[in-house]
Amino acid sequence: MSVGEIAHIGRSTSRVDGRLKVTGQAHYAAEYPADDLLYGYIVGSTIATGRIASMDLDAARRFPGVVEIFTHENRGKAAWLDRSWRDEVAPPGRPFRPLQSDRILFDGQPVALIVAETFEVARDAASLVRIAYDVDAHCTELEAKRAEAYVPPKKRSGIPPPPDPRGDAEQAFQDAPVKISRDYRINAEHHNPMEMFATTCVFEGDGKLTIYDKTQGSQNAQGYVTSVFGLRSKDVRLINHYVGGAFGAGLRPQHQLFLAVMASLELERSVRVSLTRAQMFHIGYRPDNYHSVSLAADRDGRLQSIMHDAVASTSHYEDYQEAVVNWSGMMYHCDNVKLTYHLAKLDTATPCDMRAPGAAIGVTALECALDELSYELGIDPLEIRRINFASKDENTNKQFTSKALLECYSEGAAAFGWEKRSPKPRAMKEGRELIGWGVSTGMWDAFLQKAQATATLKVDGTLEVATAASDIGTGTWTILTQIGAEAFGLPLQDVQARIGDSTLPMSPVEGGSWTAASNGSAVQAACDAVKHSLFKHARKMANSPLADASFEDVEVRDRRIFRKDDPARGLSVFEVMHAAELPEITEQGKVSPNLRQMLKYISYTHSAVFAEVRVDEDLGVVRVTRVVCAAAAGKILNPKTARSQILGGVVMGIGMALHEEAMTDHRLGKIMNANLGEYHVPAHADIEDIEVIFVDEKDDKVSPLGVKGLGEIGIVGTASAVANAIFHATGVRVRDFPITIDKILNSPRPS
Amino acid sequence: MNQIPHHPQIPISLTINGTLHELEVEPWVTLLDLLRERLSLTGTKKGCDQGQCGACTVLVDGKRINSCLALAVSRDGAEITTIEGLAENGELHPLQMAFIERDAFQCGYCTPGQICSAAGLLAEGHTHSRAEIREHMSGNLCRCGAYTNIAAAVEDVLMPRIAAKEAAE
């Protein structure tokens, strides 16, 4: 079989960066060498609010090897206006500025940077800094602030506020025969990517900086640096070839980027600053949140009223916002809907987008409530979801570009064996373990963002594709390589992708599950432009076999351009380029959302998640023994890496359901479990069988590639499926996430 | 590496990936920081610096340890294998191949630790099932959630070895 017959798109391909990653040769932000490198270590505040009264730095300064200590009193010059500090995804408010003043806004806030000749010296000297504070009253407890919750006056760009109410939800609730009103709470979560935030700022000496930063957007972070420090764009290059996970934490520049660049500019040397694991808990987080959900239905299970109010935490200096309740207005058909969303200010850092921001919590609350309603009705939890299927987005009255959710339900249920489920709670048991099965729907946006790319065809027929996208573990390197290889009928090894560099063609931050659709489509457009250009040159050649052909008649494959109807009639890429005296052909491609289409259509990814739990009746220990996640996500570029994305989302959803909980001592305003031993993220032993199904879904409108994106959908619905399974197993409904052993044991057992 | 006055330097020798290194290090330098910051062996990762995540797992005299919890001077004379030393003559270790094939990683940051840990697990010889793989690999966190694929990759390498051993006995 010739290479040209291999379809790269849709094929399970191992990661092109796999070999580098399994041999330790993929380099992350803190792993780039620099001459005379200095190490910065951050000293964090030990109070939540107040002012620095005095700082005793003498002992630290005298420590051999310390080069400089930066505090608010001597930090380098930086921009004055707030807008200069706003990055692409900043919410409304005044962005935090490290070492700006003596004012403390949250526990762990950077108050000093020790810069030393070695990492160990910087760390030791940091322990010698003594700071006296004037302490102000603080509040880190969302419950205490619920009464002061407010509708954010300024909306965050890109986040739709809750839709206007439709129908009369209150009256319909009153009138309906079957109804529930329930409160849910999901504790704050922390991203905790395995790589800690780090920046290596290489001082190049001619006014130029090369910055290796852990970020989900090289151009966003580069723009922040040039704006904050007043540097020329061409003097600052920011690289993020490999990113050791981020899950949203890397969307905004973190403290270490400012501190490393500031120290580098002041000292005129290269500087590396890494956060510690404890400091990773003092940056943005998934906000703490409360929900009140009221659902009512007729006796056939048709929803008559949906009311969902959410309160989420934000900081005092920014109004961080998510689309939390909006999902409750479009996941199911209902004529009477009222959705409200409030913020409450806490003395913490500003929260930050974390995998499926908004949906991960809002859908969890809705899907648990719907499960509760199904038991009130005596209708199978999967059936009630089918009954209330929404065939259009009732929030906006737009058509879905595609929605193969019913197929997710049926294929997921078949794989899981849902029909064997006993409807009654506590009915399934094996030994000392109660067995429960739960289901949930999941939903996430399918975005297309503005993005650009270039494609370069070399005289030897190999290809390079470039865009300033990031690969945070998502498989971007691989899918862009596949798209290039598909366009030119080349083996993967003849295609080189270039990403993770601010100097490459324009890209949005890697987030929202939009990279495959956006950057992928831009790469495809660039490849198409190169093929057009190649064809133009080929046709112009003397005695060209393609002289009478149109572009639609030709194909490029195996380093040749030839007639589809007569493959023998064609030219090699080398011949064409040689005749045109070109060393290579480079063209640009770009994509942006189709605004006209968006007036009528809207795009979402959907899923059905089925979970089995086994709960030890005496000990309350929960094991998630099986999960089936069936997703409808348009075209799947690479089933192997796509499956991994879903697996990862499901695992994080299990963490949300059972494990992850930042425990704050509200008297101190401090997180007491700021480490991976006590903030438990799922470990090997917690994860058993997970099956991923991609249902067939054709969508010619969502993006030029027909791709929807997969980064978030795996987490949405997982926590609710697990919670619903726990109820089915035990008859105990825990409405406070994570569902830990104590909550199960302390709940009254059903009679 | 800059020499700092008043800092004691302790001479040690370490054989790392088959190469003998005669080194002088301060007594407070961890094996992890020695590898990463002074020997440019950045394949070994720092994920928590307090023994809770396993990203820094290396093999010391054939046993898997968290290199962030070991002071370099305490391992004088030891033989150390890092992720950079697992492949032989450009031929990937079977675990490395299995990890690629099974897509047993996403971001790749925990991967060297997972692979070194799995190599240690194979040598320990007390793991015989998928459930035991999960249990005995639980010191290595993966926030991307590649556990299902990691367990499959380790199983791919482990099971034929168990079968071969049983056949020999």
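Residue numbers (the numbering used here), protein chains in the order written: chain A, 50 to 800; chain B, 12 to 180.
Glycine included, C-beta positions come from ideal geometry on N, C-alpha and C.
Remember, it's a predicted structure, so these values are computed and weren't measured experimentally.
Query raised in the report: What is the DSSP secondary structure of G704 (chain A), reduced to helix, strand or coil?
Result: Here residue 704 (chain A) is taken as the residue at index 655 of the first sequence, counted from 1. G704 (chain A) falls in the helix class under three-state DSSP.
Report all residues from its chain with a CB closer than 6 Å to the CB of A163 (chain B); omit the five preceding and five following residues, and keep chain order.
Position 152 of the second sequence holds residue 163 (chain B). Here the set comprises R113.
(Q) Can you find the residues in the same chain that come closer than 7 Å, C-beta to C-beta, to Y603 (chain A), ignoring five residues on each side of it along the sequence? (A) Position 554 of the first sequence holds residue 603 (chain A). Sequence check: residue 603 (chain A) is Val here, not Tyr. Cβ within range, chain order: F584, L595, I610, F611, R612 and K613.
*Is M329 (chain A) helix, strand or coil by DSSP?*
Locating residue 329 (chain A) in the first sequence gives position 280, where the first residue counts as 1. Here M329 (chain A) sits in helix by DSSP.
For L300 (chain A) and chain B, any beta-carbon pair shorter than 8 Å?
Residue 300 (chain A) sits at position 251 when you count from the first residue of the first sequence. No, L300 (chain A) lies away from the interface with chain B (no Cβ there is under 8 Å from its Cβ).
Whole angstroms is fine: what's the gap from K452 (chain A)'s alpha carbon to F465 (chain A)'s?
Within the first sequence, numbered from 1, the residue matching residue 452 (chain A) stands at position 403. Within the first sequence, numbered from 1, the residue matching residue 465 (chain A) stands at position 416. For K452 (chain A) and F465 (chain A), the distance between alpha carbons rounds to 21 Å.
Could you check what DSSP says for H586 (chain A) in three-state terms: helix, strand or coil?
Within the first sequence, numbered from 1, the residue matching residue 586 (chain A) stands at position 537. Here H586 (chain A) sits in helix by DSSP.
Decide if Y233 (chain A) is buried, meaning its Cβ has at least 16 other Cβ atoms within 10 Å, or exposed. Looking up residue 233 (chain A) in the first sequence gives position 184. The residue is buried, with at least 16 neighbouring Cβ atoms inside 10 Å.
Practice problem: Would you verify that the beta carbon of D724 (chain A) is, or is not, closer than 8 Å to some beta carbon of chain B? | Solution: Mapped onto the first sequence, residue 724 (chain A) falls at position 675. Looking at the sequence itself, residue 724 (chain A) is Asn, so the reference to Asp does not match. Yes, its Cβ sits closer than 8 Å to a Cβ of chain B.
Mind checking the segment 81-96 of chain A against chain B and listing, in chain order, the residues whose C-beta falls within less than 7 Å of any C-beta there?
P82
Mapping the DSSP letters down to three states, classify K447 (chain A) as helix, strand or coil.
Numbered from 1 along the first sequence, position 398 holds the residue referred to as residue 447 (chain A). If DSSP states are grouped into helix, strand and coil, K447 (chain A) belongs with the strands.
task: Give the DSSP bridge partners of T41 (chain B), in chain order.
output: Residue mapping note: residue 41 (chain B) aligns to position 30 of the second sequence, counting from 1. Partner(s): B:L82.
Chain-order list of residues whose beta-carbon lies under 6 Å from that of D87 (chain B) (same chain, five-residue window excluded): Translated into positions along the second sequence, residue 87 (chain B) becomes position 76. For D87 (chain B), where only same-chain residues beyond five positions count, the Cβ hits under 6 Å are I23.
- How many Å lie between K447 (chain A) and N385 (chain A) at the Cα? Taking the first sequence and counting its residues from 1, the one referred to as residue 447 (chain A) is at position 398. Taking the first sequence and counting its residues from 1, the one referred to as residue 385 (chain A) is at position 336. For K447 (chain A) and N385 (chain A), the distance between alpha carbons rounds to 17 Å.
| task | Using beta-carbon positions only, say whether T789 (chain A) and E737 (chain A) come within less than 8 Å of one another. | result | Position 740 of the first sequence, counted from the first residue, corresponds to residue 789 (chain A). Position 688 of the first sequence, counted from the first residue, corresponds to residue 737 (chain A). Cβ atoms of T789 (chain A) and E737 (chain A): not closer than 8 Å.
_Measuring alpha carbon to alpha carbon, tell me which residue in A:G73, A:R143, A:S176 and A:H627 is nearest V115 (chain A)._
The residue given as residue 115 (chain A) occupies position 66 in the first sequence. Cα-wise, what sits closest to V115 (chain A) is A:S176.
State buried or exposed for V200 (chain A), treating a residue as buried only when at least 16 other CB atoms are found within 10 Å of its CB. The residue you call residue 200 (chain A) lines up with position 151 of the first sequence. Per the 10 Å Cβ criterion, exposed.
Y458 (chain A) - containing beta strand (DSSP E), residue span
Position 409 of the first sequence, counted from the start, is the residue given in the question as residue 458 (chain A). Here Y458 (chain A) belongs to no beta strand (DSSP E); instead the alpha helix (DSSP H) covers L454 to F465.
* Below 7 Å between beta carbons is the criterion; list the residues of the segment 115-136 of chain B that meet it against any residue of chain A, in chain order. => F116, Q117, C118, G119, Y120, C121, T122, P123 and I126
Practice item. For A83 (chain B), decide whether its Cβ has a neighbour in chain A, counting only Cβ atoms nearer than 8 Å. Key: Residue 83 (chain B) sits at position 72 when you count from the first residue of the second sequence. No, no contact with chain A.
_Given the structure, does T363 (chain A) come close to the ligand NAD, in the sense that its CB is under 7 Å from one of the ligand's heavy atoms?_
With respect to small molecules bound, the structure shown includes none, and the ligand NAD cannot be examined in it.
Report yes or no: do the segment 420-437 of chain A and the segment 499-511 of chain A share at least 3 C-beta pairs separated by less than 8 Å? no
*Under the three-state reduction of DSSP, which class applies to K507 (chain A): helix, strand or coil?*
Indexing the first sequence from 1 puts residue 507 (chain A) at position 458. K507 (chain A): strand per DSSP, three-state reduction.
| request: Run down chain B in chain order and give the residues with a C-beta less than 8 Å from the C-beta of P731 (chain A). | output: By one-based count along the first sequence, residue 731 (chain A) stands at place 682. Correct list: G156 and Y158.
Buried or exposed: M50 (chain A), going by 16 or more other Cβ atoms within 10 Å of its Cβ?
Position 1 of the first sequence, counted from the first residue, corresponds to residue 50 (chain A). Residue confidence is low: M50 (chain A) scores 34 on pLDDT, short of 50, so the model does not pin down where it sits. Its coordinate-derived value is still stated next. So M50 (chain A) ends up on the exposed side.
| query | Where do the N-terminal and C-terminal ends of the beta strand (DSSP E) with I118 (chain A) fall, by residue? | reply | Here the question's residue 118 (chain A) lines up with position 69 in the first sequence. Counting along the chain, the beta strand (DSSP E) containing I118 (chain A) begins and ends at V115 to F119.
Beta-carbon contacts of L132 (chain B) that lie in its chain and below 6 Å, excluding the five residues immediately before and after: If you number the second sequence from 1, residue 132 (chain B) lands on position 121. Within the same chain, L132 (chain B) has close Cβ partners T138 and H147.
| Looking only at its own chain, which residues have a Cβ that is under 8 Å from the Cβ of Y23 (chain A), when we skip the five neighbours before and after it? | Given that chain A is displayed from residue 50 to residue 800, the structure contains no residue 23 (chain A) and the question cannot be resolved.
Nearest to L45 (chain B) (by Cα), restricted to the options B:I111, B:A109, B:I27 and B:Q61
Position 34 of the second sequence, counted from the first residue, corresponds to residue 45 (chain B). Taking only the C-alpha atoms, the option nearest L45 (chain B) is B:I27.
Using the Cα positions of V52 (chain A) and V625 (chain A), report the straight-line distance between them to the nearest angstrom.
-> Within the first sequence, numbered from 1, the residue matching residue 52 (chain A) stands at position 3. Within the first sequence, numbered from 1, the residue matching residue 625 (chain A) stands at position 576. Caution is warranted here: a pLDDT of 41 is assigned to V52 (chain A), below 50, making its placement in the model unreliable, and the coordinate value is therefore given only provisionally. So the two alpha carbons sit approximately 21 Å from each other.
Neighbouring residues, chain A, relative to M170 (chain B) (Cβ below 9 Å) | To locate residue 170 (chain B), count along the second sequence from 1; it is residue 159. Correct list: empty, because the minimum Cβ distance to chain A is about 17 Å.
**Report entry** Assigned exposure category for Q531 (chain A) - 16 Cβ within 10 Å defines buried
**Finding:** Along the first sequence, one-based indexing puts residue 531 (chain A) at 482. Q531 (chain A) is buried by the Cβ-count criterion.
*asked:* Checking the sheet assignment: what are the DSSP bridge partners for A628 (chain A)?
replied: Reading the first sequence from its first residue, position 579 is the one you call residue 628 (chain A). Note: A628 (chain A) sits in no beta bridge, so no partner.
_Can you tell me where the alpha helix (DSSP H) holding F222 (chain A) begins and where it ends?_
Numbered from its first residue, the first sequence carries residue 222 (chain A) at position 173. Note, F222 (chain A): alpha helix (DSSP H), A218 to D224.
Pull the bridge partners of F252 (chain A) from the DSSP assignment, please. Translated into the one-based positions of the first sequence, residue 252 (chain A) becomes position 203. Looking at the DSSP assignment, F252 (chain A) forms a beta bridge with A:L258.
Check: With DSSP run on the structure shown, which of helix, strand or coil describes V342 (chain A)?
Finding: By one-based count along the first sequence, residue 342 (chain A) stands at place 293. Here V342 (chain A) sits in strand by DSSP.
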